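The numbering used here applies: residue 15 is where the sequence shown begins, and numbers increase by one.
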Amino acid sequence: MTKPTQLQPFTFPTTGQQVRVIGDPDRPLFHHSDACRILRHTNPSVAVRMLDDDERQLIDMRTIPAGQTALNFDVPRTGNAEAWFVTEAGLYVLALRSNAPGARAFRRWVTHDVLPAIRTGGYQTATQLTRADLARMVIAAEEERERLAAHVAELEPDAARARRTMDAEGLVLVGTVAKRWGLRERALREFLYAEHLLIRTGTRRNEPYAEAVAAGWFEVKVHLVEVDPDRAPVERGTTYVTPRGEALIWSRLYRAGYVTQPRPPAQQDTLPALT
């Protein structure tokens, strides 16, 4: 990592808790444990393992320049002084997987207060969206969901269909979507892998890609699972399809020739099997 500039700790106004930041304005790194504390992740070590390698970085706290004492780090001089930090994209992944009541406020605070303060006067000239850009789009997608749902409902001639598919709270499991449409769940998942909507392998198997979450097609809800009675519960993510996601999946099935109707009917009785 390049030599970091001096950045102040930022205090989340809702709870008064601090998130410590190091790095440079173009690539700030956020203290992982600080973020997990605000987002109420009960097992930070599990949460950090669920991030991709480019979303996290292990840093020896003793290497932080002396000029950064304003960060208020309690740096041990002996023993293990390493700590996890997460990138901007990693921070959003943690926030998206949090069920804490203040998670949305935290995401908005980061995008509207923290990052502008770090990047005052900055200008990005990249021609392609980065993972951080896509993650940042989630905020706008959440804020626009109800407005977009209402707009699409106005354009939908079938009122019953509009009520069913454009409910902003109508999250459903992939298996439920398959059953509703008369498709085999495994076949539908294979289709979603091929369309680069769901991740096929790895620790994030069956979770949506960041782009799919940012577009408002999927959401991931985190819950605690007890795998060993002698250990603390671990976090597991469950993928849900949003109403917008249902509409997108159907349109792609139709375009690929797996279904014959341009939109799913309000009452689905039988459909050709997806093979």
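Ideal placement from N, C-alpha and C gives every residue a C-beta, glycine not left out. As the structure is a computational prediction, the values presented were derived from the model and not from experiment.
Please classify residue i: is it buried, with 16 or more other beta-carbons within 10 angstroms of its beta-carbon, or exposed?
i, result
"residue 59", "exposed"
"residue 103", "buried"
"residue 256", "buried"
"residue 74", "exposed"
"residue 84", "Legend: pLDDT at residue 84 = 36, less than 50; position of this residue unreliable, value from coordinates given subsequently. Classification of residue 84: exposed, given that the 10 Å Cβ count is below 16."
"residue 238", "exposed"
"residue 215", "exposed"
"residue 270", "exposed"
"residue 48", "buried"
"residue 282", "Here the model assigns residue 282 a pLDDT of 43, short of 50, so the residue's position is not dependable, and the following value carries that caveat. That one is exposed."
"residue 61", "buried"
"residue 101", "buried"
"residue 42", "buried"
"residue 278", "buried"
"residue 131", "exposed"
"residue 34", "buried"
"residue 245", "exposed"
In the DSSP assignment, find the beta strand (DSSP E) that holds residue i and state where it starts and stops.
i, result
"residue 211", "Counting along the chain, residue 211 falls outside any beta strand (DSSP E), and DSSP gives it neither H nor E."
"residue 42", "41-45"
"residue 96", "96-100"
"residue 188", "Note, residue 188: premise wrong, no beta strand (DSSP E); alpha helix (DSSP H) at 188-195."
"residue 254", "248-255"
"residue 111", "Unbroken run through residue 111: none, as it is neither H nor E."
"residue 73", "70-74"
"residue 126", "Unbroken run through residue 126: none, as it is neither H nor E."
"residue 37", "35-38"
Spatial neighbours of residue i within its chain, please: CB distance less than 7 Å, with the 5 preceding and 5 following residues excluded, ordered by chain position.
i, result
"residue 241", "248"
"residue 254", "185, 186, 187, 232, 233, 235"
"residue 173", "Since pLDDT at residue 173 reaches only 45, below the 50 mark, its modelled position is unreliable, and the value read off the structure follows with that caveat. Correct list: empty, nothing qualifies."
"residue 72", "96, 98"
"residue 199", "188, 189, 192"
Nearest by alpha-carbon distance to residue i: which of the options is it?
i, options, result
"residue 77", "61, 96, 68, 108", "96"
"residue 211", "197, 101, 267, 243", "267"
"residue 234", "194, 108, 261", "108"
"residue 185", "72, 231, 274, 74", "231"
"residue 260", "34, 193, 49, 101", "193"
"residue 188", "217, 215, 221, 32", "221"
"residue 105", "196, 130, 246, 69", "69"
"residue 120", "274, 276, 31", "31"
"residue 55", "278, 112, 35, 265", "112"
"residue 40", "52, 28, 128", "128"
"residue 217", "251, 224, 262, 245", "251"
"residue 265", "209, 223, 227", "209"
"residue 228", "206, 110, 207, 243", "110"
"residue 28", "44, 46, 53", "53"
The alpha helix (DSSP H) spanning residue i covers which residue range?
i, result
"residue 62", "58-63"
"residue 225", "224-228"
"residue 122", "117-123"
What residues in its chain sit with their C-beta under 6 Å from that of residue i, if we drop five residues either side in the sequence?
i, result
"residue 25", "32"
"residue 262", "231"
Say yes only if the C-beta of residue i is nearer than 6 Å to one or more non-hydrogen atoms of the ligand MG, and no if none qualify.
i, result
"residue 278", "Summarising the ligand content, the structure contains no ligands, and the ligand MG is consequently not present."
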